[in-house]
Structure formats: C-alpha cells, structure tokens
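**Q**
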Amino acid sequence: MKKIDLHVHSKYSEHPSEWFLQRLGAAESYTEPDLIFNLAKQNGMDFVTITDHNRIEGSFLLKQKYPNEVITGIETTAYFPEDGCKVHILLFGINEKQYDTLQKLREDIYQLRDWIKSEKIAYSVSHPLYSVNGKLNLTHLEKLILLFDVFEGLNAGRASIHNEVWVDVLRNIDKNIIEQLYDKYKIEPFGEDSHIKAFTGGSDDHAGIFVGKGYTLVDANNAEGVLEKIRDKKISFAGKHNDFKSLAFTVYKVAYDFSRSKNGKVNPLMESIFESILRRKKSISFVNKVKIWHAKRKDRIAGFILTLIENLKKKNEKDKLEIFYEDITNISDTFIKELFESFEKNLKHADFLNLIKNTISSFAGIFLSVPFFSAFKHLHQDRDLLDTFRKKFKNNLTSDKKILWFTDTINDLNGVSITLSKIALEAYHKNKNLKIVTSLDEDDCSKFLPNLINLKHIYKFRLPYYEQYVLKIPSILKTLQQLQDFIPDEIYVSTPGPVGLIGLLMSKIFSVRCIGIFHTDFKRQAEKIVEDETLVTLLDNFVKWFYNSCDIIEVPSAEYINILKNEGFEENKLRLFKRGIDLDTFAFKPEGKKFIEEKFGIKEGLNLLYVGRISKDKNIDFILDVYKELIKSNSLINLIMVGDGPYLEELKNKYRSLNNIVFTGKIENKFLPYVYSASHIFLFPSTTDTFGMAVLEAQACGLPAIVSDKGGPKNIIIDGKTGFISEANNLSNWLEKTNVLLNMIQNNPSMYLQFREASRKNVEENYNLEEAIEKIFSY
C-alpha cells in the first residue's frame, strides 16, 4: 500500500482560522512547497499533494517539478446557498481550466457537487464536523451524507472524538437511511451505493512540522492510479492525531515564520528556540548569544526563554515538544504566582490601584501560554454539533455522559464539601462517569475520594476574614495536560474561587455547557463580617459576573432563586438544584446518647444543637442570646455547638462561665448522626445560607429544627410538623417556638415523636440522593 498525506497547506494558504494568528495579522502558513515535498518524502509518503485554501499555485509548482510523484490539490470553500454555511472540500488532480470553473461554482455546493460528479474529480469533504463559519448544523450534515461519498476519516488537526464519531456513524449507514434522507431533502445521492462511504487521511499541517502524521493508504503505482482509487472509494486512512500541545506549537511556528517574513529578521530568542527544536543545531550562534544576553538584562521573560533554549539543547528530538511545554508552563506559572502574591498583599491593605498595576504587568508572561488554550479550544470546537449528530444516528448518549465537577472546597466541614463528597461517592459506586476536580495537598489527596482529580497548585493563601479557608492556585497549563484525556459532556462548578474559575475556563475551551451551583451567598456573609463596603461591592460584582458567565445557575432553594432574581442574576438561567442525602448514614442512632456522654461528658438534660461554621455571618450570637434566656427558667438545658471557624476561640472565652455550653470543634462527618440523634432541638438562625445542609442532616436523623424565615433552610422545614420557621433575629419569637418544643418533650412526648417521625419522612420523600444523582446524569 502506498501513502499520501491528502491535506497539507503551504504559504499560499493566507487566511488563518486560529484566533491567535488572526490577532497577529499572520497568514495561515509560510511553508514553502519544496519543503513540503521533502518533508513528505522523509516521512515515508510515496505521493505528495498540497491543498491550499482556494489556491492552486503551490500545487502546480510541485507538479511541474515532480510530475510523477505529485497530485494537484486544493481545499475549496463551498457554500450552502440557502444560508451561507461554509464547507471545506478537498479536490485532487484538477487542471487550470477546472480550477477556473471551480472558483465560480463553489458559491453553490449543489452545483459544485454535480460538477465534481460529471467531471469525475477525486475529492474528500474536509473535517465534516467542524463548523467553518459557525453555521453548520444537523441539517447540513444530513445533506452532506447525500451529496458526497468520500470524507476525511482522519484529520490530525482535529480531536480524535470528532473523527471517530463521524466515521463510526457513516460506516453504519444503510440504504434505508439514505432513502429516508432523500425523502426528507429530495437531494439525489452521489451514487447508487451511497450508503457505502470512503475515508481519507491527512495531517492538515500548516507549519511544515507534522507533514505525513495523518495519511491515506492506497494500492496504486502512479498519480493517476491514486485518483482512480479515491474515485472508486478503495482507500483507507492511518496515522495519529495531534494533541493541543503539538497544535499550539504549530501556532508558535507560524507566528515565528510570520515574524521572519514581515521583518526580514526574528527575535533571537525565538529563532534559537526553533533552531533547537526544528533544525537540530547543537549550538547557538555567537551573535545570537550576545543578543540573548543583552535581552536577558532588560527582560525577565528573556531569562526564562534562555533557560528554555538551553533545556532544548540537552534533550533528544522526541522530548523537545514536552520540554517546550514544560518551560512555557513554568514561565506562565511564575507570573500567575506573582499575581496572586500581589492579590493577597494588596487585598489586605485595600490597595486596589497597585493590584491593577501588578495584574497588567503579569499579562506579558501569561500571554505566552495563550496558543495552548487556543489550540485546546480548536480541538474541541463544535461539541454540541457532535453530540447532536451522534444522538441522531447512534442514540447512545445517556450512558456515555461524562462530568467534571470543579470545587475549591472538598475536605472541609461545610455544606458544599459534604454535598459534593456524597454525590461523588454515590456516582462512583454506581459507575457513573464523574470526576471531582479540586486542589489539595498531596497528604490530603491520598486518603480522599477515589474519583478525584487533584490539580497541583503553585501558590496558596488564607482568605482575609475567612482564615480557616486556604485558597489554592493551580497551574493552568498543567491542568490542561491533566484533563486533556477526560473529555466531559458537562462541567459543574461549585465555587467562584481559583479552581471554579478554571472550571469555567475549561467549559469554554472544551465547548461544553457549564452549570454553576450557587451554594454560598458570599455577599450576605461578607456584610456580616467585613466592614469595608468597597470590598463587599467588589466581591458581589465578581460573584455575579462568575455565575452569569455560566450557562445555567442551579440554586439549592426556591427562596434563593427569588433572591437572586432581584439581585441581577440572569433569570432565564436560574434552576433548582435538587439536593439529596445518604439516608443510611444520616438516620437515628440509638447509641447517640452514649456517644455524647463518652465524648463530651454530657450525661443529662435537654440538648439544643447547632452544627456549622462558627462565624459571625452564621448569626451565632443570636443562638447564645436565646440560650441565655432559656436557662433562666431551666438550668438543665445544654447547648452543643459543633463546628470550627474564626469566631470559635472568642466565643469560648466569652462563655467559659456557662458550664452547660459544649464547643466540640470539628467533628468527622461519620460521627455527626450520633450527635443529631442525642439532641432534642436543632437551632439554625442563619439568614445567609442558601440551603442549610446541617438542617437536612438533622431532619434525616429525626431531629426537629427551628430555622430563620430568611434564606434557604426554611424550604427544608415543614412549619409546625417537622419544626418551626421563626422570624429572623426576633428573640421573643424564637423563645416562644423553642419553648413549644421543650414543653412538648416534657409534657406531650407522643406529639414530639410525631415531629421526629415527620422530619425523617420529609427527607425520605423529598431529598433522596439517588434521585438527585440520576437528575445530574440525565440529558
């Protein structure tokens, strides 16, 4: 079998589709036709073609020089006349007269197809699932199936999933499908056996780097024989796909070629890099060494790049692209780290001017990494179209759904962490394809969730006013490398921190839907603990921007959907996030009384309980006010405060004289049901919680609760049946409701038992974790 790369670009391809090159004003390629011929031959190709966009000059030049080994080619842009949708079609073996005719006919893909058929021109439809101008949809794809019989089965410049889905679907098309499509569109199929499709392969190379990486296999001894085999659909494809790193390097290479062509010279740093990678030179010229030394004195980035060049000199050929990526990652990480160091320092001192200044200065280093993001996005473009096409013809999407769930907190004692941990474990045990993406220290990671992806962080710092929270800043380029093989169907983000921001970014470059979960009302929390109104406003604006950037905003309670509507969140994006709880873990434990006696020395009395973060934004002082009033008439009431937080030590000192208050600190999740089961009333006065996971846990353990009438927890309680909803910060109202339950416990235990049973039943009927998981994985 002979080999030919049927998709290669030379300097005659002028208009780039890649964002980075468009911004530079560069052409799509600067590769000389002769270099393409030599590279193709070096890489084992028996025949050579060039397929420039709507131009034939490079192909004709080679054909004149090597008539027996070159096939003329072009990648023409054709249009569906009904809506202007562009499609790229590779044509082979055409002459000048045919080229002139082609330029007129390509404005109408139907006329072009008929001409291709009448002239018996060998062809292949390029990257069929790639929308060239954003107009391609399922209708166009179905029409293409009728119009043509030969398609690219391997385009090395596209993600493997695009090629594989297209080939898989078309190999399984039968005559019935062709007839159904004909009845629908009244387009004559290309031939009598149009249900049989053929596939070509090509590198789609633009920089003279990967020529021959993807290719077509054909049993032919001459150029005309190759064309005949393509027409007869007696071809196959082979080769490898590029990844985002190699495609990004293509962009760097084209940018480098652009600089040389435009200015007649190139930055000595860039020249040395490409000499090191592409031209196999073992040393840098003396002149360039002087220029680099001079640049290094003036420019920090030059110093980083000089290290990159030296690293490339030491490595063998196959390692050089990896070294290039690693060093660009280190440059980017250094500037990102410095940016967050500035953020931490200037935020503490409220020096926003200096923060802006340092942010701008970091752009130069971060800009070097842009081609990697651009390449990643290019590979995964048009995911919606791919999924629509696959679902239409294969109908196998539901079982394949893959989710990446990003969060900045997963191992803390808070509602977000507990909720995600339960969802992740339940999904894992049910063999659901879900990965939690977070950033933990290695010691924490080794003993945590089995379906966790841990992003390596380059910097971490404690949040002002939330000292127990450590924000970790992952390396963005290392994250790309970690996630490149897990191609999600959806991305969830639970926190608007650094990891959440990466999740939002990944949804854009993976081209998948992003669902933001509004777990925490940061604005209301900040208002309780931060005195600087400017900082509260900045935080509010950032959080609003973050969630409005998501495709869907899921909110844990109907109450908070209404709150967010009134605060400027995009109403059409708001949905209810169905919560669930592990009903086996959170259930009444008869051993609870023994547990709190052994653990905390609580032997007798009625137990009031609070579970959550010990912070002023949780309205903790109000609980103590209620408790102090209650013990005036009943000294056998205990108050158990479970949790950790910035306000804990101050509270301990403030109430050390009250012996019946127990501050437990943080308790492992598995022991919480015992504390709930040993308690009599759960108090949760917070007005800033969007849901109140602790309230749900208490109810699941059969513990009646009293909650505030502001925020999400009131949606969990059935007022008067599983607890009471009390007026926020109204001491007399809270005392009244609490005394109702206390009197019930002492004087009407059967009614109190009804409250406990109703609490459990409410959770069983409305907060089933399995149902919540199924909703997440349904389409």
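Numbered by the numbering used here, the letters in the sequence shown go through residues 909 to 1687 in order. Ideal placement from N, C-alpha and C gives every residue a C-beta, glycine not left out.
(1) With a 10 Å radius around its C-beta and 16 neighbouring C-beta atoms as the bar for buried, classify Gln-1607 as buried or exposed.
(2) Which residues mark the beginning and the end of the beta strand (DSSP E) in which Gly-1110 is found?
(3) Take Asn-1637 and list the residues in its own chain whose beta-carbon comes closer than 7 Å to its own, dropping the five residues that flank it on each side.
(4) Out of Lys-1137, Asp-1127, Tyr-1123, Tyr-1164, state which residue places its alpha-carbon closest to the alpha-carbon of Gly-1147.
(5) Using CA atoms only, rank isn't needed, just tell me which of Lys-1028, Leu-1447, Ser-1039, Gly-1116 is closest to Glu-1136.
(6) Could you name each continuous alpha helix (DSSP H) segment of 4 residues or more that falls completely within the segment 1534-1611, going from the start of the chain to the end?
(7) If you follow the alpha helix (DSSP H) that Glu-1678 is in, where does it begin and where does it stop?
(8) Between the C-alpha atoms of Thr-984 and Asp-1016, what's the straight-line distance to the nearest angstrom?
(9) Indicate whether the contact test is met: 3 or more Cβ pairs, each with one atom in the segment 1566-1573 and one in the segment 1662-1679, closer than 8 Å.
(10) The alpha helix (DSSP H) spanning Phe-1494 covers which residue range?
(11) Between the C-alpha atoms of Gly-981 and Ile-1002, what's the straight-line distance to the nearest angstrom?
(12) Of the residues Asn-1561, Val-1378, His-915, Asn-1359, which one's Cα is nearest the Cα of His-1365?
(13) If you draw a straight line from the C-alpha of Glu-1441 to the C-alpha of Lys-1578, how long is it?
(14) Quick one: residues in its chain with C-beta nearer than 8 Å to the C-beta of Ala-1680, no 5 flanking neighbours on either side, listed in chain order?
(15) Going straight from the alpha carbon of Asn-1670 to that of Ala-1156, what length do you get?
(16) Under DSSP, the beta strand (DSSP E) around His-996 begins and ends at which residues?
(17) For Ile-1138, which residues in the same chain have their Cβ closer than 6 Å to its Cβ, ignoring the five residues on either side in sequence?
(18) Which one or two residues does DSSP pair with Ala-986 in a beta bridge?
(19) Which runs of the beta strand (DSSP E) at least 3 residues long sit entirely within the segment 1327-1411? Give them in chain order.
(20) Flag this pair as touching only if the segment 1611-1629 and the segment 1535-1552 have three or more C-beta atom pairs under 8 Å; answer yes or no.
(21) How is the beta strand (DSSP E) around Glu-1499 delimited, first residue to last?
(22) Quick check on the burial criterion: 16 or more other C-beta atoms within 10 angstroms. Buried or exposed for Ile-1684?
(23) Going by the beta-carbon positions, is the gap between Phe-1430 and Leu-1447 smaller than 9 Å?
(24) Just how far apart, CA to CA, sit Asn-1041 and Lys-1436?
(25) Compute the Euclidean distance between the alpha carbons of Asp-913 and Gly-1133, then round it to the nearest angstrom.
(26) Where does Asp-1688 fall in DSSP's three states?
(27) Which word fits Arg-1370, buried or exposed, when buried means at least 16 other C-beta atoms lie within 10 angstroms of its C-beta?
(28) Please work out which residues of its chain come closer than 7 Å, Cβ to Cβ, to Asn-1456, disregarding the five sequence neighbours upstream and downstream, and give them in chain order.
(29) Indicate whether Leu-1348 and Asn-1359 have their beta-carbon atoms separated by less than 9 Å.
(30) In whole angstroms, give me the CA-to-CA distance for Val-1075 and Asn-1623.
(31) According to DSSP, is Leu-1037 helix, strand or coil?
(32) How big is the Cα-Cα spacing for Met-909 and Val-1126?
(33) Quick one: what does DSSP say Tyr-1018 is sitting in, helix, strand or coil?
(34) Enumerate in chain order the residues of its own chain whose CB-to-CB distance from Asn-1474 is below 8 Å, with the five nearest sequence positions on each side excluded.
(35) Taking C-alpha atoms, which residue in Leu-1328, Leu-1611, Ile-1469 lies nearest to Leu-1357?
(36) Just to confirm, is the Cβ distance from Ala-1128 to Thr-1158 under 9 Å?
**A** If we stick to the structure as given:
(1) Walking along the sequence shown from the start, residue 1607 turns up at place 699. Buried.
(2) The count along the sequence shown starts at 1 and reaches residue 1110 at position 202. 1106-1110 is the extent of the beta strand (DSSP E) around Gly-1110.
(3) In the sequence shown, counting from the first residue as 1, residue 1637 sits at position 729. Counting only Cβ-Cβ distances below 7 Å, and skipping sequence neighbours, we find Phe-1530.
(4) Within the sequence shown, numbered from 1, the residue matching residue 1147 stands at position 239. Nearest C-alpha to Gly-1147: Tyr-1123.
(5) Looking up residue 1136 in the sequence shown gives position 228. Checking every option, the nearest Cα to that of Glu-1136 belongs to Lys-1028.
(6) Runs found: 1556-1562, 1580-1585, 1601-1608.
(7) Counting from one through the sequence shown, the residue named residue 1678 turns up at place 770. Start and end: 1677-1685.
(8) Walking along the sequence shown from the start, residue 984 turns up at place 76. Walking along the sequence shown from the start, residue 1016 turns up at place 108. If I take the Cα positions, the gap works out to 12 Å.
(9) no
(10) Here residue 1494 is taken as the residue at index 586 of the sequence shown, counted from 1. Phe-1494 -> no alpha helix (DSSP H), and no H or E assigned at all.
(11) Within the sequence shown, the letter at position 73 stands for residue 981. Within the sequence shown, the letter at position 94 stands for residue 1002. Looking at the two C-alpha atoms, the distance is approximately 7 Å.
(12) Here the question's residue 1365 lines up with position 457 in the sequence shown. Out of Asn-1561, Val-1378, His-915, Asn-1359, Val-1378 has the C-alpha closest to the C-alpha of His-1365.
(13) Residue numbering aside, residue 1441 sits at position 533 when the sequence shown is read from its first letter. Residue numbering aside, residue 1578 sits at position 670 when the sequence shown is read from its first letter. For Glu-1441 and Lys-1578, the distance between alpha carbons rounds to 39 Å.
(14) Locating residue 1680 in the sequence shown gives position 772, counting from the first residue. Within the same chain, Ala-1680 has close Cβ partners Ile-1331, Lys-1486, Arg-1487, Gly-1488.
(15) Position 762 of the sequence shown, counting from 1, holds the residue named residue 1670. Position 248 of the sequence shown, counting from 1, holds the residue named residue 1156. Roughly 54 Å separates the two Cα atoms.
(16) Walking along the sequence shown from the start, residue 996 turns up at place 88. Per DSSP, His-996 belongs to the beta strand (DSSP E) from 993-1000.
(17) Counted from its first residue, the sequence shown places residue 1138 at position 230. Contacts found: Ala-1030.
(18) Within the sequence shown, numbered from 1, the residue matching residue 986 stands at position 78. Answer by DSSP bridge pairing, in chain order: Val-995.
(19) If we require 3 residues or more, the beta strand (DSSP E) runs fully inside the segment 1327-1411 come out as 1341-1346, 1360-1362, 1365-1371, 1374-1382, 1398-1401.
(20) no
(21) The residue given as residue 1499 occupies position 591 in the sequence shown. From DSSP, Glu-1499 is part of no beta strand (DSSP E); its letter is neither H nor E.
(22) On the sequence shown, residue 1684 is found 776 positions in, with the first residue counted as 1. It counts as buried.
(23) Taking the first residue of the sequence shown as position 1, residue 1430 is located at position 522. Taking the first residue of the sequence shown as position 1, residue 1447 is located at position 539. In this structure, Leu-1447 lies closer than 9 Å to Phe-1430 by Cβ.
(24) Looking up residue 1041 in the sequence shown gives position 133. Looking up residue 1436 in the sequence shown gives position 528. The alpha-carbon atoms of Asn-1041 and Lys-1436 are separated by roughly 50 Å.
(25) Reading the sequence shown from its first residue, position 5 is the one you call residue 913. Reading the sequence shown from its first residue, position 225 is the one you call residue 1133. About 15 Å.
(26) Only positions 909 to 1687 of the chain appear in the structure, and residue 1688 is not among them; the question remains open.
(27) Locating residue 1370 in the sequence shown gives position 462, where the first residue counts as 1. Flag for Arg-1370 reads exposed.
(28) Within the sequence shown, residue 1456 is the residue found at index 548, counting from 1. For Asn-1456, where only same-chain residues beyond five positions count, the Cβ hits under 7 Å are Phe-1477, Glu-1478.
(29) Within the sequence shown, the letter at position 440 stands for residue 1348. Within the sequence shown, the letter at position 451 stands for residue 1359. Contact: no.
(30) Locating residue 1075 in the sequence shown gives position 167, counting from the first residue. Locating residue 1623 in the sequence shown gives position 715, counting from the first residue. One C-alpha to the other measures close to 50 Å.
(31) Your numbering for residue 1037 matches position 129 in the sequence shown. Reduced to three states, the DSSP call for Leu-1037 is coil.
(32) Taking the sequence shown and counting its residues from 1, the one referred to as residue 909 is at position 1. Taking the sequence shown and counting its residues from 1, the one referred to as residue 1126 is at position 218. Their Cα atoms are separated by approximately 5 Å.
(33) On the sequence shown, residue 1018 is found 110 positions in, with the first residue counted as 1. Helix at Tyr-1018.
(34) For the purposes of this step, residue 1474 is taken as the residue at position 566 of the sequence shown. If we look at Asn-1474 and ignore the five residues flanking it on each side, it has no Cβ neighbours.
(35) Within the sequence shown, numbered from 1, the residue matching residue 1357 stands at position 449. With respect to the C-alpha of Leu-1357, the residue from Leu-1328, Leu-1611, Ile-1469 having the closest C-alpha is Leu-1328.
(36) As a position in the sequence shown, residue 1128 is number 220, starting the count at 1. As a position in the sequence shown, residue 1158 is number 250, starting the count at 1. Going by C-beta atoms, Ala-1128 is not nearer than 9 Å to Thr-1158.
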